[in-house]
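Asks: Residue numbers (full-length UniProt numbering): 1 to 615. For each residue, glycine too, the CB sits at the ideal point set by N, CA and C. Sharing a structure, written as structure tokens. Questions coming.
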Ligand code: F6R
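And the structure:
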């Protein structure tokens, strides 16, 4: 949440920072602001609303040229999305500017203390106190990095802070605790950002900052220390995707681009994980095989779409390994005092690797002695760093707020983990594992075929733009797919959408069915457990008899559903457990098109942000 950029070098800081903010706008779009060091002073500009409002402001009132600057795009926590609450925040003398991501929990006490010393605080934010505290400390030590260290030691909560001071031109200082911040290292220039996407057009060399560290950037390089001033070790890494991967590539939205990239994302996530004999080699899973053999319970923690991936994984893990598997919303996990020990394997699924709820669940699990395996899409992010092992999904950067390709790759990673557990525990034979891997290797092509047949789905979505409600039904692995279809529609089209386990209908939700209500039904393969398929066909008849307009997603060749489908969406035949990889795709396309038809911006739905770094 919130996107932060800092720059020191020889280019126009404003240009670099604004281009970086554009790439980070997915993190929050309630307001945006910049500050540039120029002519011995500090030149700030900020505006409520999207970045375009700030661009207009800068066109009307240009800032002086400078080569050191910071910027921010906001997802509001403390104080509404107004000009006054937009970052950067300045001290009363207008010499220091600070941008912030996170929540400073003790800000009220600090604010009262500052007011007592005569400071005049103009916004409702928690951030502004930092600008005033930095100004006080700087006036005593004349060193912005030292001032930042002193201030950070007084702050409680989660924060990334980036600041500049007019009396220390050519320096940008950042700090992080429980909130993302990466350093980009160029030739005679350095960058700070919430995400490498902000500086990938300039450099692919990055440094991972650790917890409770302060970084000082100047043209001469980068210095990192702990909050106590001790020198700190940092890990350098090379970003293996380039600027074009973070562009729309001719698509109308990032979401459409990311939906289209799914065949490749799925294939990339399988790459290098299967040896010449067809066995799984998950090198990154550094939990010793004997510990995995002793695991007596798997607990999956995740949020939102990643949680739905976890719900699907449960079916595969229990079926292939016979280990009991629980799936829990990360935000609920630690508050119910879950029963965990050294024999529990906790799997944390997160695209961003920064979701605070999931991170807190990871920490809680490790405190209980459990091993944690992260499934993550973002190299160098906090969740994999704090886990015992990680399996990276190779979806590439996901920019649209609604998760699509990351979800499919999370599923692939979950299937790989389930098979790996089956392999090390001997509950799955080598030939069985190879058969599933062959099926997974064919999924990219199957998704490609689904994508090629989506025009009727788009047409249907447009025709439903005036609806208030859409329901989704599924059974077995189709149930989480229904939940995911409903989530996509809620977040993008702002419609009432709910997913149900089809068997649960008769216990209440069937009362919602009325004449013409669209109900999307995900039908299991008739070639799997036919009883499951037949039960769902009965459910379709029950809702149709009560007036529902049925949208049936069924395997090619399954003719039993044809008489009961007002709209039939065909998906390629896949093994039962893998069906979500193809069945989810029409639901993504459906939500994207329906939202567009309602005039919504699909990449940046209202009230949301891509990376949820507050609890
Ligand atoms: C929905 C969506 C969110 C995320 C959730 C977890 O489309 O994107 O529900 O799935 O916020 O985010 P990560 O995976 O980054 O932990």
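Residue 406 bridges to which residues according to DSSP?
Replies: Paired residues: none, contrary to the question.
Asks: Compare the beta carbon distance of residue 550 and residue 519 with 8 Å and say whether it is the shorter of the two.
Replies: The answer is yes: Cβ separation under 8 Å.
Asks: Residue 513 and residue 478 look like a contact to me (Cβ under 8 Å); what is the Cβ gap, rounded to whole Å?
Replies: So it is not a contact: roughly 19 Å between Cβ atoms.
Asks: Inspect the beta-carbon positions of residue 603 and residue 400 and report whether they are closer than 8 Å.
Replies: In this structure, residue 400 lies closer than 8 Å to residue 603 by Cβ.
Asks: Please report how far the alpha carbon of residue 535 lies from the alpha carbon of residue 21, in whole angstroms.
Replies: If I take the Cα positions, the gap works out to 51 Å.
Asks: Taking 7 Å as the cut-off, is the C-beta of residue 304 nearer than that to any heavy atom in the ligand F6R?
Replies: Yes, since a heavy atom of the ligand F6R falls inside the 7 Å radius drawn around the Cβ of residue 304.
Asks: Exposed or buried, which one is residue 141 when buried takes at least 16 other CB atoms within 10 Å?
Replies: Result: exposed.
Asks: Going by C-alpha to C-alpha distance, which of 112, 235, 589 sits closest to residue 458?
Replies: Closest by alpha carbon: 589.
Asks: Quick check on the DSSP output: the alpha helix (DSSP H) that includes residue 315 runs from which residue to which?
Replies: Its alpha helix (DSSP H) spans residues 304 to 321.
Asks: According to the Cβ coordinates, are residue 192 and residue 6 closer than 8 Å?
Replies: Against a cut-off of 8 Å, the Cβ pair of residue 6 and residue 192 comes out as a contact.
Asks: Of all the alpha helix (DSSP H) runs that stay within the bounds of the region 408 to 495, which reach a length of 4 or more residues?
Replies: Segments of the alpha helix (DSSP H) lying fully in the region 408 to 495: 430 to 441, 443 to 451, 455 to 463, 478 to 493.
Asks: Do you know whose CA, among 311, 358, 167, 351, lies nearest residue 616's CA?
Replies: Past the boundaries of the shown model lies residue 616; the chain is included only from 1 to 615, so the question cannot be answered.
Asks: Taking Cβ positions, are residue 390 and residue 346 nearer each other than 8 Å?
Replies: Against a cut-off of 8 Å, the Cβ pair of residue 346 and residue 390 comes out as no contact.
Asks: Give me the Cα-Cα distance between residue 162 and residue 173, rounded to the nearest whole angstrom.
Replies: Looking at the two C-alpha atoms, the distance is approximately 6 Å.
Asks: Quick check on residue 405: buried or exposed, where buried means 16 or more other Cβ atoms within 10 Å of its Cβ?
Replies: Buried is the call here.
Asks: In terms of alpha-carbon separation, which member of 34, 91, 80 lies closest to residue 63?
Replies: Closest by alpha carbon: 34.
Asks: So for residue 543, helix, strand or coil by DSSP?
Replies: Three-state DSSP puts residue 543 in a helix.
Asks: Kindly list the residues whose CB is nearer than 6 Å to the CB of residue 545, restricted to its own chain and excluding five residues on each side of it in sequence; keep chain order.
Replies: Counting only Cβ-Cβ distances below 6 Å, and skipping sequence neighbours, we find nothing.
Asks: Mind checking which residues open and close the alpha helix (DSSP H) that includes residue 351?
Replies: First-last for residue 351: undefined, no H or E at that position.
Asks: Please check the pair residue 700 and residue 592, which I expect to be a contact at CB under 8 Å, by giving their CB distance rounded to whole angstroms.
Replies: No answer is possible for residue 700: the residues shown for the chain start at 1 and end at 615.
Asks: Within its chain, find whatever has a CB closer than 8 Å to the CB of residue 134; leave out the 5 residues flanking it on each side and keep chain order.
Replies: So the qualifying residues of the chain are 91, 96, 98, 144, 147, 148, 151, 163, 165.
Asks: Who pairs with residue 26 in a beta bridge, going by DSSP?
Replies: DSSP output for residue 26 lists no bridge partner at all.
Asks: I need the straight-line Cα distance from residue 260 to residue 248, nearest angstrom please.
Replies: Those two C-alpha atoms are separated by around 11 Å.
Asks: Residue 239 and residue 451 - do their beta-carbons sit closer together than 8 Å?
Replies: Their beta carbons are not under 8 Å apart, which means residue 451 does not touch residue 239 by this criterion.
Asks: Please look up how many angstroms separate the CB atoms of residue 28 and residue 609, rounded, as I've assumed it's under 8 Å.
Replies: The Cβ separation is near 5 Å, so the contact holds.
Asks: Hey, does residue 590 have any beta-carbon neighbour from chain D nearer than 8 Å?
Replies: Judged by its chain identifiers, the structure shown contains no chain D, having just a single protein chain.
Asks: In terms of DSSP beta bridges, what is residue 238 paired with?
Replies: Answer by DSSP bridge pairing, in chain order: 205.
Asks: Tell me where the beta strand (DSSP E) around residue 149 begins and ends.
Replies: That residue, residue 149, is in no beta strand (DSSP E); its alpha helix (DSSP H) goes 144 to 152.
Asks: Start and end of the beta strand (DSSP E) containing residue 218?
Replies: Run containing residue 218: 213 to 218, per the beta strand (DSSP E) assignment.
Asks: Enumerate in chain order the residues of its own chain whose CB-to-CB distance from residue 382 is below 7 Å, with the five nearest sequence positions on each side excluded.
Replies: Contacts found: 180, 353, 354, 359.
Asks: State the CB to CB distance for the pair residue 611 and residue 573, rounded to an integer number of angstroms; the pair is presumed to be in contact (CB under 8 Å).
Replies: Between residue 573 and residue 611 the Cβ distance is about 37 Å, and since that is not below 8 Å, they are no contact.
Asks: Looking at C-alpha atoms only, which residue of 349, 387, 351 is the closest neighbour of residue 367?
Replies: Out of 349, 387, 351, 387 has the C-alpha closest to the C-alpha of residue 367.
Asks: Determine whether the beta carbon atoms of residue 297 and residue 274 lie at a separation below 8 Å.
Replies: No. Outside cutoff.
Asks: So which of 160, 184, 331, 506 has the shortest CA-CA distance to residue 213?
Replies: Answer by Cα proximity: 160.
Asks: Report the three-state DSSP secondary structure of residue 138 (helix, strand or coil).
Replies: Residue 138 falls in the helix class under three-state DSSP.
Asks: Less than 8 Å separating the beta-carbons of residue 8 and residue 217?
Replies: Yes. Within cutoff.
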